[in-house]
Every structure is written in C-alpha cells, then in structure tokens.
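Remarks on the structure that follows.
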Amino acid sequence: MIKDERFRGSAPDERNRTRARLVGRVLLTLVFSGAQVWSAGVLVDVIGSGIALFAFALVMSAALIAVLDAWREIWRFAAVSRTSVECGG
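To convert, count from 1 in the sequence shown and add 4; that's my numbering.
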C-alpha cells in the first residue's frame, strides 16, 4: 500500500479542481494582458515625450515581464497537469 500522497492517483474531483484552477489562471492572465495592451494604447496618446515617456517605457517593460511570467506559469501548470493525467494520476 502506498502511504505517500505524492504517489497516489488523484481522484476525478481533484482533476476537475486542477482544470478549474488552470482555466481561472488563463482567464486572469487574459484579462491582465488585455488591460496592459489597452492602457499602453491610451497612455501613449496622453504622454508626449521626455522623462514621462521614459518612465512609461520602464513601467510597461516591467508589466510585459509580469505577463510573460504569468503565461509561462500557465504553460508549466498545464504541462504538469496533463502529464499527471496521462500517467494515470
């Protein structure tokens, strides 16, 4: 009998929660990505040039890194959950 929880197969309700968590992450990341694109479009029109434009570029580069990191986590989470399902877990 396997005593360690890591090696036990996951129940169907556990897999459904994992899928729901993945869908939630995807939706949040989509909304965040859309908000970033929209705000960049609006703010580029408002900001003229100079130091404000430089500050805007810095903030947007940090936001881009956050979006890319969120998508990378989603891809990793999807790969792990898909692998555990294929292995019978």
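C-beta: ideal position from N, C-alpha, C; glycine also.
Short Cβ contact (9 angstroms threshold) for residue i with residue j
{"i": "Phe-60", "j": "Ile-51", "result": "yes"}
{"i": "Ala-82", "j": "Leu-26", "result": "yes"}
Local conformation of residue i per DSSP, three classes
{"i": "Ile-51", "result": "coil"}
{"i": "Phe-11", "result": "Interpretation of Phe-11 is limited by its pLDDT of 49, a score under 50 that renders its predicted location unreliable; the figure taken from the coordinates is listed afterwards. Of the three classes helix, strand and coil, the one that applies to Phe-11 here is helix, per DSSP."}
Cutoff 9 angstroms: residue i Cβ touching any chain D Cβ
{"i": "Gly-45", "result": "Protein chain content of the structure displayed is limited to a single chain, and chain D is not contained in it."}
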